[in-house]
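Residue numbering for the sequence shown follows the working numbering, starting at 1 and increasing by one per position. All residues carry an ideal CB built from backbone N, CA and C; glycine is no exception.
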Amino acid sequence: MPIERREEPAVDRNKLISVEALTRRFPGLNGGAPVTVFENLWFDVAKGEYVCLIGHSGCGKSTLLNIIAGIDHADGGCVIVDGQEVTGPSLDRAVVFQGHALMPWMSTLGNIAFAVRSRHPRWSRAKVREHCQRFIDMVHLTGAEHKKPAQLSGGMRQRVGIARALAIEPRIMLLDEPFSALDALTRGSLQDEVLSICARTRQTTFMITHDVDEALLLADRVLLMTNGPLARVAEIVVNTLPRDRNRTDLHRHPNFYPLRNHLMDFLVSRSDQLRTRVEGIDPRRPPLVFPRAEDGPGAEPSVVAERSHA
Numbered sequence: 001m002p003i004e005r006r007e008e009p010a011v012d013r014n015k016l017i018s019v020e021a022l023t024r025r026f027p028g029l030n031g032g033a034p035v036t037v038f039e040n041l042w043f044d045v046a047k048g049e050y051v052c053l054i055g056h057s058g059c060g061k062s063t064l065l066n067i068i069a070g071i072d073h074a075d076g077g078c079v080i081v082d083g084q085e086v087t088g089p090s091l092d093r094a095v096v097f098q099g100h101a102l103m104p105w106m107s108t109l110g111n112i113a114f115a116v117r118s119r120h121p122r123w124s125r126a127k128v129r130e131h132c133q134r135f136i137d138m139v140h141l142t143g144a145e146h147k148k149p150a151q152l153s154g155g156m157r158q159r160v161g162i163a164r165a166l167a168i169e170p171r172i173m174l175l176d177e178p179f180s181a182l183d184a185l186t187r188g189s190l191q192d193e194v195l196s197i198c199a200r201t202r203q204t205t206f207m208i209t210h211d212v213d214e215a216l217l218l219a220d221r222v223l224l225m226t227n228g229p230l231a232r233v234a235e236i237v238v239n240t241l242p243r244d245r246n247r248t249d250l251h252r253h254p255n256f257y258p259l260r261n262h263l264m265d266f267l268v269s270r271s272d273q274l275r276t277r278v279e280g281i282d283p284r285r286p287p288l289v290f291p292r293a294e295d296g297p298g299a300e301p302s303v304v305a306e307r308s309h310a
């Protein structure tokens with residue numbers, strides 16, 4: 001399908017994160033040639049936007065998130081946050097991992113307070129306590145303030161991790177499949193919590209997921225990565241569902257199944273095929289795709305091209 005080139009004005013999106021020509025290599029086995037996990041990645045995330053990244057295992061999703069977080073390094077290119085190149089970790093970028101990563105000897109309150117004191121070392125104990133309580137209440141852990149991680153369910157531990165991340169009031173929240181190990185009911189509950197919190201706070205969020213329905217519920221845009229090695233951003237799918245969506249009515253919207261089918265088709269078959277297709281596309285302009293009901297059954301979704309980062 002021909003791709004319509006569209007130059008968007010440089011001022012129309014308030015970029016907070018800009019990933020430019022990013023490449024990561026790892027040493028080869030037994031002294032062999034280095035393996036390039038991904039190369040020449042280009043995309044951005046606007047302030048207040050929720051972006052999900054989908055791709056098969058081995059394409060470097062978690063590595064990419066770690067580079068944005070500043071806990072891993074790139075072998076080429078850079079990550080720019082609000083005009084400054086990322087060179088290490090920052091309290092402006094909070095990470096929630098697949099595992100809860102809580103300190104087992106500390107209570108719910110203690111884990112969150114430890115992070116808050118790192119952000120606000122001059123705050124009084126009372127102010128730290130009051131601030132932490134606001135986020136404990138926000139994730140519905142009221143009454144569990146003094147419980148240690150071993151006394152909490154898996155879902156509750158992840159709530160603590162989310163509260164800890166939010167409590168330092170980061171500019172960016174980075175989520176690495178935080179709900180993947182949870183049962184379906186708990187996962188759905190936490191997804192709803194995150195959706196509600198981000199809608200209220202307009203928290204800028206970049207999330208790794210394998211769950212198509214999760215991406216459609218939470219994300220404004222979904223980045224699709226080709227299979228690794230040498231993975232690239234193949235498409236950027238715009239979520240054409242209304243922003244004030246909820247789990248109950250999501251599937252009733254006419255755009256839901258065109259979106260879902262497009263993402264599922266990518267995971268099932270197109271992720272490998274797109275490795276060849278992206279060869280002829282400027283990596284700075286990954287196709288921007290708008291799956292909608294009016295495209296009709298079996299029709300290719302509307303496609304334009306992202307503007308150049310140059």
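| query | Per DSSP, what kind of secondary structure is D249 in: helix, strand or coil? | reply | The residue you call residue 249 lines up with position 249 of the sequence shown. DSSP places D249 in coil when its eight states are reduced to three.
| query | To the nearest angstrom, how far is it from the Cα of T63 to the Cα of M225? | reply | Translated into positions along the sequence shown, residue 63 becomes position 63. Translated into positions along the sequence shown, residue 225 becomes position 225. Each residue's Cα considered, the two are about 13 Å apart.
| query | Using the rule of at least 16 other Cβ atoms within 10 Å of the residue's Cβ for burial, across every protein chain shown, is V268 buried or exposed? | reply | For the purposes of this step, residue 268 is taken as the residue at position 268 of the sequence shown. Result: exposed.
| query | How is G77 classed by DSSP in three states: helix, strand or coil? | reply | By one-based count along the sequence shown, residue 77 stands at place 77. In the structure shown, G77 adopts extended strand secondary structure according to DSSP, grouped into three states.
| request: Identify which residue in D211, P178, N14 has its Cα closest to the Cα of G154. | output: Numbered from its first residue, the sequence shown carries residue 154 at position 154. Nearest C-alpha to G154: P178.
| Cβ-based burial, F266 [other Cβ within 10 Å; buried from 16] | Along the sequence shown, read from residue 1 onward, the residue named residue 266 stands at position 266. It is buried - the Cβ of F266 has at least 16 other Cβ atoms within 10 Å.
| field | Through-space distance from P291 to E7, alpha-carbon basis | value | Within the sequence shown, residue 7 is the residue found at index 7, counting from 1. Within the sequence shown, residue 291 is the residue found at index 291, counting from 1. With a pLDDT of 36 at E7, under the threshold of 50, the predicted position of this residue should be treated as unreliable, though the coordinate-derived value follows. Those two C-alpha atoms are separated by around 20 Å.
| query | What do you get for M173, buried or exposed, if any count of 16 or more other CB atoms within 10 angstroms of its CB means buried? | reply | Mapped onto the sequence shown, residue 173 falls at position 173. It counts as buried.
| Of all the options A165, H100, M103, A150, which has the alpha carbon lying nearest to the alpha carbon of C318? | The shown model of the chain, from 1 to 310, leaves out residue 318, and the question about it has no answer.
| query | By Cβ distance, which residues of its chain are closer than 8 Å to G77, with the 5 residues on each side in sequence left out? | reply | Walking along the sequence shown from the start, residue 77 turns up at place 77. Counting only Cβ-Cβ distances below 8 Å, and skipping sequence neighbours, we find V19, E20, A21, L22, T23, N40, L41.
| request: Find the nearest neighbour of D192 within the set V212, L141, R247, judged by alpha-carbon distance. | output: Residue 192 sits at position 192 when you count from the first residue of the sequence shown. Of the candidates V212, L141, R247, the one whose C-alpha sits nearest the C-alpha of D192 is R247.
| field | Same chain, Cβ closer than 8 Å to S107, five either side skipped, listed in chain order | value | The residue given as residue 107 occupies position 107 in the sequence shown. Contacts found: E145, H146, K147, K148.
| query | Taking the C-alpha atoms as reference points, what is the distance between G188 and I80? | reply | Counting from one through the sequence shown, the residue named residue 188 turns up at place 188. Counting from one through the sequence shown, the residue named residue 80 turns up at place 80. Answer to the nearest angstrom: the Cα atoms are 33 Å apart.
| query | Do the region 53-63 and the region 215-235 meet, that is, are 3 or more Cβ pairs less than 8 Å apart? | reply | Three or more pairs of CB atoms, one per stretch, sit closer than 8 Å, so the region 53-63 contacts the region 215-235.
| message | Using a 10 Å radius around the Cβ and a threshold of 16 neighbouring Cβ atoms, would you call S308 buried or exposed? | response | One-based indexing of the sequence shown puts residue 308 at position 308. A caution first: S308 carries a pLDDT of 42, below 50, which makes its placement in the model unreliable, though a value can still be read off. So S308 ends up on the exposed side.
| In its own chain, which residues sit with a C-beta less than 6 Å from the C-beta of M207, not counting the 5 before and 5 after it? | Start at 1 with the first residue of the sequence shown, and residue 207 comes out as number 207. For M207, where only same-chain residues beyond five positions count, the Cβ hits under 6 Å are C52, L175.
| Beta-bridge partners of T205, as assigned by DSSP | Looking up residue 205 in the sequence shown gives position 205. T205 pairs with Y50, M173.
| task | Pull up the distance between the alpha-carbon of I168 and that of V160, whole angstroms please. | result | By one-based count along the sequence shown, residue 168 stands at place 168. By one-based count along the sequence shown, residue 160 stands at place 160. Distance between the alpha carbons of I168 and V160 is about 13 Å.
| query | What are the partner residues of K15, as DSSP defines its beta bridges? | reply | One-based indexing of the sequence shown puts residue 15 at position 15. Per DSSP, A46.
| task | Name, in chain order, the residues that DSSP records as bridge partners for P121. | result | Residue numbering aside, residue 121 sits at position 121 when the sequence shown is read from its first letter. Bridge pairing for P121: absent [DSSP].
| said: So V233 and V289 are supposed to be a Cβ contact under 8 Å. How far apart are they, rounded? | reply: Position 233 of the sequence shown, counting from 1, holds the residue named residue 233. Position 289 of the sequence shown, counting from 1, holds the residue named residue 289. At roughly 12 Å, the Cβ-Cβ gap does not stay under 8 Å, so V233 and V289 are not in contact.
| Which one or two residues does DSSP pair with Q84 in a beta bridge? | Here the question's residue 84 lines up with position 84 in the sequence shown. Q84 is bridged by DSSP to V81.
| task | With DSSP as the reference, label I227 as helix, strand or coil. | result | Residue numbering aside, residue 227 sits at position 227 when the sequence shown is read from its first letter. Looking at the sequence shown, residue 227 is not Ile but Asn. Coil.
| task | Spell out whether any CB of chain D is found under 8 Å from the CB atom of I236. | result | Looking at the structure shown, chain D is missing, and only one protein chain is on hand.
| message | Going by DSSP in three states, R187 sits in which element: helix, strand or coil? | response | Indexing the sequence shown from 1 puts residue 187 at position 187. Three-state result, R187: helix.
| query | Taking the Cβ atom as the reference point for each residue, do I236 and R221 lie within a distance shorter than 8 Å? | reply | As a position in the sequence shown, residue 236 is number 236, starting the count at 1. As a position in the sequence shown, residue 221 is number 221, starting the count at 1. The answer is yes: Cβ separation under 8 Å.
| query | If you follow the beta strand (DSSP E) that R93 is part of, which residue opens it and which one closes it? | reply | As a first step, residue 93 is located in the sequence shown; it is residue number 93 there, counting from the start. Residues 93-96.
| query | Whose C-beta lies closer than 6 Å to the C-beta of L65 among residues of the same chain, with five residues either side of it excluded? | reply | Numbered from its first residue, the sequence shown carries residue 65 at position 65. For L65, where only same-chain residues beyond five positions count, the Cβ hits under 6 Å are L174, D176, I208.
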